[in-house]
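In the numbering used here, the protein residues as written are 150 to 588.
Glycine included, C-beta positions come from ideal geometry on N, C-alpha and C.
As the structure is a prediction and not an experimental result, all values here were calculated from the model.
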Ligand SMILES: Cc1ncc(COP(=O)(O)O)c(C=O)c1O
């Protein structure tokens, strides 16, 4: 092989070039970009840096390693618990011009195809402990299904309003713990998502109501049952414990990823709906590396980009997006930021990205059809948004300024979270197999 023609390794790219090397490097870089010319060279992603006013950061401590370890120990007590894989995409990193890119693959979580159960299950366990005044150190899966605990509690009813992944996690946990579960789904919910929850033994209905109205109905229902509780990841006055526990449960995904990544990521791309999951990731990594945290980029669909618009508004108040949020990123189509996540973003996010559906379509296809040497990841519409945004920033000439502002380059070690697999298998095939793109 002619050593002068080979691609530069990331380590070589980091080194200062010798004088005679400079021209060669410039040529190599432009050659690289030409090869990477995207199919659709249009910037369908907007970026804003975080200049929101800081608060006194009341939620950071709840995402400390110590707190998240409690959640991880609880999850570990389930016989089905396994860490989900971290796909290290070495060839892709080389191709995109960064030192490392790794994707946490949540399609393997408890056989449920998404990370969501981590939050539901942990909050339900904490609720049961609180209801029965049991010290949480004692609470394991085995304990919660024991005769001793049943006698103490009687039975509980878990109620949730959800359009899919969250409800599946709540229904699964209720079934595993032998408790009752009622799920209200908003109008427009697909049959596949309804069937998935029904199959777990929950009482499910598709209501003639939108998501927010379903939440209100679920909250009113919970008063009708002994040990009845609504399991929702958005907080409101007097309802903060469950959302906080849900975020701590999500923290387990971040904790596993931090361990598997084995070094400090320089950049984390994480998608947001209400921002509980991205808030958990932001809080966890900011608490883990308080001196010099990774740059955290929060990614949203442009039809439901409440964090992005909040950052644009700039005074620290929340912006609520209303109307039709008809993005294919169903799990991210939420117009109202959760208080806890929003506060963590204000203090610790590096910036916000708002993208068209085509961003996630690209992410899904690239993760599925990756280089043969790299692991392949089945990532659904809401799962691939963070990675899709990162890949677009590296591929699109029109996004070069964003690449520079974020400081992405040959030394970057990038972590993304693929938070779901093919939860809508029909649409997944349409996008990945048939090449359909949404905008
Ligand atoms: C697959 C997937 N990823 C990400 C999210 C976003 O989580 P959050 O609403 O906490 O921001 C969701 C929410 O439902 C989801 O289903």
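Q: Return the residue from the list 411, 518, 346 that minimises the CA-CA distance to residue 249.
A: 411
(Q) Three or more C-beta pairs under 8 Å: does that hold for the stretch 378-385 against the stretch 302-319? (A) yes
Q.
Quick check on this structure: which residue in 213, 199, 202, 320 has the alpha carbon closest to the alpha carbon of residue 429?
A. 213
Q | Completely contained beta strand (DSSP E) runs for the stretch 501-588, where each covers 3 or more residues | A | 562-567
Q.
Could you give the first and the last residue of the continuous beta strand (DSSP E) run that contains residue 229?
A. Here residue 229 belongs to no beta strand (DSSP E), and DSSP marks it neither H nor E.
Q: Tell me whether residue 531 is buried or exposed, calling it buried when 16 or more other Cβ atoms sit within 10 Å of its Cβ.
A: buried
Q) Do you know whose CA, among 456, 520, 464, lies nearest residue 489's CA? A) 456
Q) Ordered along the chain, which non-local residues of its own chain (more than five positions away) have a Cβ less than 8 Å from that of residue 184? A) Summary for residue 184: the model assigns pLDDT 44, below 50, so the residue's position carries little reliability, and this model does not support an answer.
Q: Report yes if the C-beta of residue 496 is less than 8 Å from at least one heavy atom of ligand 1; otherwise report no.
A: no
Q.
From the DSSP secondary-structure annotation, give me the bridge partner or partners of residue 332.
A. 309, 353
**Q.** Close beta carbons around residue 543, own chain, < 6 Å, minus the five adjacent residues each side
**A.** 245
Q. Excluding the five sequence neighbours on either side, which residues of its own chain have a C-beta within less than 6 Å of the C-beta of residue 452, listed in chain order?
A. 474, 476
Q: With residue 126 as the anchor, note down where its alpha helix (DSSP H) starts and where it stops.
A: Any answer about residue 126 is impossible in this case: the structure gives the chain only from 150 up to 588.
Q | Option in 270, 269, 299 with minimal Cα separation from residue 283 | A | 299
Q.
At the level of alpha carbons, what is the spacing between residue 264 and residue 375?
A. 29 Å
**Q.** Continuous beta strand (DSSP E) stretch holding residue 433: start and end
**A.** That residue, residue 433, is in no beta strand (DSSP E); its alpha helix (DSSP H) goes 425-437.
Q | Stretch-stretch touch, CB-based, cutoff 8 Å, three pairs: the stretch 496-504 with the stretch 387-404 | A | no
Q) What does DSSP give as the partner residues of residue 196 in its beta bridges? A) 502
Q. Any contact of the stretch 274-291 with the stretch 348-364, i.e. 3+ C-beta pairs under 8 Å?
A. no
Q.
Across the stretch 223-239 and the stretch 287-301, are there enough close Cβ pairs to call them in contact, namely three or more that are closer than 8 Å?
A. yes
Q) What did DSSP end up calling residue 249 once you bin it into helix, strand or coil? A) strand
Q. Mind checking whether the beta-carbon of residue 483 lies closer than 8 Å to any heavy atom of ligand 1?
A. yes
Q.
Could you compute how far the alpha carbon of residue 434 sits from the alpha carbon of residue 571?
A. 27 Å
Q | Assigned secondary structure, residue 236 (DSSP; H/G/I helix, E/B strand, else coil) | A | strand
**Q.** Three-state class that DSSP yields for residue 224 in the structure shown
**A.** helix
Q | Buried/exposed call for residue 575, threshold 16 Cβ in 10 Å | A | exposed
Q: Could you spell out the range, first to last residue, of the alpha helix (DSSP H) harbouring residue 268?
A: 266-280
**Q.** 9 Å Cβ cutoff met for residue 416 and residue 236
**A.** no
Q: Tell me whether residue 468 sits in a helix, a strand or coil according to DSSP, three-state version.
A: coil
Q: Any chance you could list the residues with Cβ under 6 Å from a heavy atom of ligand 1, keeping chain order?
A: 263, 265, 314, 315, 382, 420, 421, 422, 423, 424, 425, 426, 427, 480, 481, 483, 531, 532, 568, 569
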